[in-house]
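Comments concern the structure below.
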Amino acid sequence: MNPKIKSNISWQRIEDEVLIMDTAYQKKAHSLNSTASFIWEHCNGTNSIEDIAKLLSDNYETNLAESTEDVKEVINQLKSFDLLESF
Amino acid sequence: MKAQDSLIYQKIQKANNVHQPLFATLEITQVCNLACKHCYNFDRTVAISTDKKSSIMSFEDTLYCMDQLREVGSLWLNLTGGEPLTHPDILSIIKEAKERNFLVRLKTNGLLLNEKMAKQLKEAGLDAVEISLYGSDEETYRLITQREGHEKTLGGIDQAVKMGFDTNASIILHKYNTDQLQLMIDKVIALKAGFQVSTEITSRYDGTHTSRDYELNSDQMKSLLESHHDLFMFENKDHLLQCSCAKTVIAIGYDGVIYPCIGAPIKVGHIKDSPLVDQWKNSDVFQKIRNLKTEDFKECQKCDFLDFCSRSSGSIYANTGNYTGCDSQTLEVSRLRSQSVKDLSKQ
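Sequence lines, in order, name chains P and L.
FYI, the numbering for the first sequence is 4 to 90, going by my numbering.
FYI, the numbering for the second sequence is 743 to 1089, going by my numbering.
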């Protein structure tokens, strides 16, 4: 399974950041920086971690291996906050 | 301020700086199961055409509006009416709103919020509920709403709390119930809900003004300042004059008309005229509001009570037609606050 934002999570992009309002699970607000926001917006259940890393690498013109590490780290954090479906 | 509140506040400030309407109100119906004398929609106390009474936004149009609101940057979506729970597609509308990642809040009178409905709303994904409370007993409730419903309203608050919604009672003060404020607060607290208190009663969208017959008079406001000082005292140390209309707030009426706020009946355009993103950015009304400067509020510049003013441009516009002006209620409340501080300092 690919990373996917849990249903019932409310969020919106504000400039280069994403504000997440989790009223359903941990009842917390989260703010994501620019890179994490990019990753978050591509967690649609269709993109794999590799797909997101490639998109990130292309968008920010960074090394693919580095991007892959970034994506894994961000996704692990998002999972720890209960914001992504189990996969 | 708690860390979480601080985080959200920072993001709202950021949205305010770039003019992003994080807070949207979608008025999905004019239909209501009450006939409140102070209602701002239209005068529900007189015979009115069936068309008006039965006007609802179609399910397809709500989807269109929600797509547009999402695109323009909204996060909080208030569903209001009329009474939104009378909309035949309310559960589907909430489900669709959640699909679009809104934080969905329902503004309701709570009469239809029984156990079954509360469960269905939870399953649909509703986040928060705001329930209007008009009195502490059936008789007072009926005086303003023209129907019985006080006990059902409390039942609705109870169900909402039990279902885990972020629940707030909106205690509406009018000329029949000011002496019942503490009783209403006590009942809401006993139900473990939050509350807010409003004394704002304005003229209506249909241009009639009899709603204001139910406003608090000066003596009632003075008594409230004495009995509930912390709730009604407000100090405007920074002399702020503008609210969030057209900056972080937007509203769409049941007929698709766009407003700067649901409390500011200034027609901006129609949702189908052109993409909302374009109207939000370019409309003359929005631009004019955003570009207002302190000196444009001429009456405020010479007001002796600005230190205590909590003016709402939308309400003042509804009452006077002048967005940057003042109205009798705003002025009187500010004056009473000022007097109250003077009186306290003498003691």
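Note that beta-carbon positions come from the ideal geometry of N, C-alpha and C, so glycine has one too.
Predicted, not measured: the structure shown is a model, and the values here were computed from it.
Problem set entry | Inter-residue CB distance, ALA831 of chain L and PHE784 of chain L (contact presumed, cutoff 8 Å) | Position check: residue 831 of chain L holds Asp in this sequence, whereas Ala was assumed. In fact, because the Cβ distance is near 22 Å, the residues do not count as touching under 8 Å.
Exercise. Short check: CB of VAL871 of chain L to CB of ALA902 of chain L, under 8 Å?
Worked result: yes
Problem set entry | Unbroken beta strand (DSSP E) run spanning ASP25 of chain P, endpoints | 20-25
For this session: Work out the CA separation of GLN888 of chain L and GLY1067 of chain L for me, nearest whole Å.
Result: 33 Å
For this session: Compare the C-beta of GLN1043 of chain L with all C-beta atoms of chain P and state if any pair is closer than 8 Å.
Result: No, GLN1043 of chain L lies away from the interface with chain P (no Cβ there is under 8 Å from its Cβ).
Exercise. Is it buried or exposed for LEU67 of chain P, if we count other Cβ within 10 angstroms and need 16 for buried?
Worked result: Result: exposed.
Problem set entry | Top-ranked residue by Cα proximity to HIS33 of chain P, from P:GLU88, P:VAL77, P:SER89 | Nearest to HIS33 of chain P by alpha-carbon distance, out of P:GLU88, P:VAL77, P:SER89, is P:VAL77.
For this session: Give the secondary structure of ALA777 of chain L by DSSP, where H, G and I count as helix, E and B as strand, and everything else as coil.
Result: coil
Exercise. How many whole angstroms separate the CB atoms of ASP1049 of chain L and GLU977 of chain L, which I take to be in contact at a CB cut-off of 8 Å?
Worked result: 6 Å
Exercise. For CYS1093 of chain L, which three-state DSSP category applies?
Worked result: Any answer about residue 1093 of chain L is impossible in this case: the structure gives chain L only from 743 up to 1089.
Exercise. To the nearest angstrom, how far is it from the Cα of MET905 of chain L to the Cα of ASP869 of chain L?
Worked result: 10 Å
For this session: State buried or exposed for ALA789 of chain L, treating a residue as buried only when at least 16 other CB atoms are found within 10 Å of its CB.
Result: exposed
Exercise. So which residues of chain P does GLN810 of chain L contact, with C-beta pairs closer than 7 Å?
Worked result: Simply none; closest approach about 14 Å.
Exercise. Of the residues P:ASN5, P:MET4, P:LYS9, which one's Cα is nearest the Cα of PHE84 of chain P?
Worked result: P:LYS9
Exercise. Do you know how far the Cα of THR882 of chain L is from the Cα of TYR876 of chain L?
Worked result: 7 Å
For this session: With DSSP as the reference, please indicate the residues paired to ARG847 of chain L in a beta bridge.
Result: L:ASN820, L:ALA870
Exercise. Mind checking whether PHE844 of chain L and SER13 of chain P have CB atoms under 8 Å apart?
Worked result: yes
For this session: Could you run through the stretch 17-43 of chain P and flag, in chain order, every residue whose CB is less than 7 Å away from some CB of chain L?
Result: ILE17, GLU18, LEU22, MET24, THR26, LYS31, ALA32, SER34
For this session: At 9 Å on the CB atoms, spell out the chain P contacts of ASP1026 of chain L, in chain order.
Result: What ASP1026 of chain L touches in chain P: nothing, since even the nearest Cβ is about 25 Å away.
Exercise. From what residue to what residue does the beta strand (DSSP E) around GLY936 of chain L run?
Worked result: Unbroken beta strand (DSSP E) run through GLY936 of chain L: 936-940.
For this session: Classify VAL21 of chain P as buried or exposed, calling it buried when 16 or more other Cβ atoms lie within 10 Å of its own Cβ.
Result: buried
Problem set entry | Stretch-stretch touch, CB-based, cutoff 8 Å, three pairs: the stretch 767-785 of chain L with the stretch 936-950 of chain L | yes
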